[in-house]
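One point on numbering: in this note's numbering, the residue at position 135 of the sequence shown is 218, and numbering is uninterrupted.
For every residue, glycine included, the Cβ atom is placed at its ideal position computed from N, Cα and C.
The structure displayed is predicted, hence computed values, not measured ones.
Please read the structure below before turning to the comments.
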Amino acid sequence: MFMRKRRSVYNARPAEEHQIESCQDVTRFVRRFVDSAVTAAIKIVDVMDHQSSLNYTEWPTCGNINARNGLRCVKEEMLRWNQLSALRSWMFHAKFIGLNRERTTEFYMYQVLWSIPTPAYPEPYVTVSVFFSIAASRVQPPHFPVDVTYVFEGQQFVHRLDVVFKPKWLYDILDMKTMLFKTFVF
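So this is what it looks like as structure tokens:
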């Protein structure tokens, strides 16, 4: 014998109405979820677009490199570094230091001097040098990109621009030179 569930006066809602409310709740939830996902995706794309416009330096090609536009690109790269929160108080000076020709390649050499001037020491005791080398091949087609590398003073590891720069590298050298400077007695 089957027993039917009796309907009470207190739960008199028809089953269809409950299903409709349930569907509307799910629909509202899905809409809110999709809206928030789309909003988050748009924010991410905006941030990536903004960062890519800030992080992109258009380097010259092998056919149009010269000391002046190489210096301009090095300064643009340093401005990108300077936009990092850890380096906002730092200042830099970039200069062209020479052109070396070896067989089929020209090397444009630049030095960037970094320092942290303060009101107490507007001319800092300690600076950090970064040496840039832009290699332009004369056997590659003129539209071929130049090869940009940099080395921090006192180090031998050669960095490329496709490696993410870390401000810690500058701080480490600055700290080491500051400790050394404090050992000198004048």
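Specify the secondary structure class of residue i as computed by DSSP and reduced to three states.
{"i": "K158", "result": "helix"}
{"i": "N147", "result": "coil"}
{"i": "S119", "result": "helix"}
{"i": "T110", "result": "helix"}
{"i": "R296", "result": "Nothing about residue 296 can be reported from this structure: the residues present for the chain run from 84 to 269 only."}
{"i": "F269", "result": "coil"}
{"i": "A203", "result": "coil"}
So residue i and residue j are supposed to be a Cβ contact under 8 Å. How far apart are they, rounded?
{"i": "V247", "j": "V241", "result": "Rounded, the Cβ-Cβ distance is 15 Å, inconsistent with contact."}
{"i": "T140", "j": "R163", "result": "7 Å"}
{"i": "A177", "j": "V195", "result": "5 Å"}
{"i": "P228", "j": "T144", "result": "6 Å"}
{"i": "T261", "j": "V209", "result": "5 Å"}
Taking only beta-carbon atoms, is residue i less than 8 Å away from chain D?
{"i": "N183", "result": "As a matter of chain content, chain D is missing from the structure shown, which is built from one protein chain."}
Looking at the secondary structure, which residues open and close the alpha helix (DSSP H) in which residue i lies?
{"i": "I217", "result": "Taken as a continuous stretch (DSSP letters only), I217 belongs to no alpha helix (DSSP H), being part of the beta strand (DSSP E) at V211 to S220."}
{"i": "D258", "result": "P250 to T266"}
Between the Cα of residue i and the Cα atoms of the options, which residue gives the shortest distance?
{"i": "G249", "options": "S168, E189 and K178", "result": "The sequence shown places Lys at residue 249, not Gly. Nearest C-alpha to K249: S168."}
{"i": "P207", "options": "F215, F214, V213 and W197", "result": "W197"}
{"i": "L154", "options": "D108, V231 and L257", "result": "V231"}
{"i": "T188", "options": "S216, K126, D245 and V211", "result": "S216"}
{"i": "I180", "options": "T122, D108 and V213", "result": "V213"}
{"i": "M259", "options": "V268, E236 and D108", "result": "E236"}
{"i": "F190", "options": "F264, V121, R221 and I127", "result": "R221"}
{"i": "Y204", "options": "I148, V268 and W173", "result": "W173"}
{"i": "Q156", "options": "Q166, T110 and W142", "result": "Per the sequence presented here, residue 156 reads as Cys, with Gln not at that position. The residue with the shortest Cα to Cα distance from C156 is W142."}
{"i": "V211", "options": "Q107, Y254, Q239 and R151", "result": "Y254"}
{"i": "W252", "options": "L170, N147, F264 and A124", "result": "L170"}
{"i": "H226", "options": "K158, L257, Q166 and I148", "result": "I148"}
{"i": "R186", "options": "Q223, S119, D245 and L244", "result": "Q223"}
Residues bridged to residue i by DSSP?
{"i": "F240", "result": "Partner(s): none; F240 has no beta bridge."}
{"i": "Q194", "result": "K178 and F214"}
{"i": "R184", "result": "E189"}
For residue i, report the span of its beta strand (DSSP E) as first-last.
{"i": "T232", "result": "D230 to F235"}
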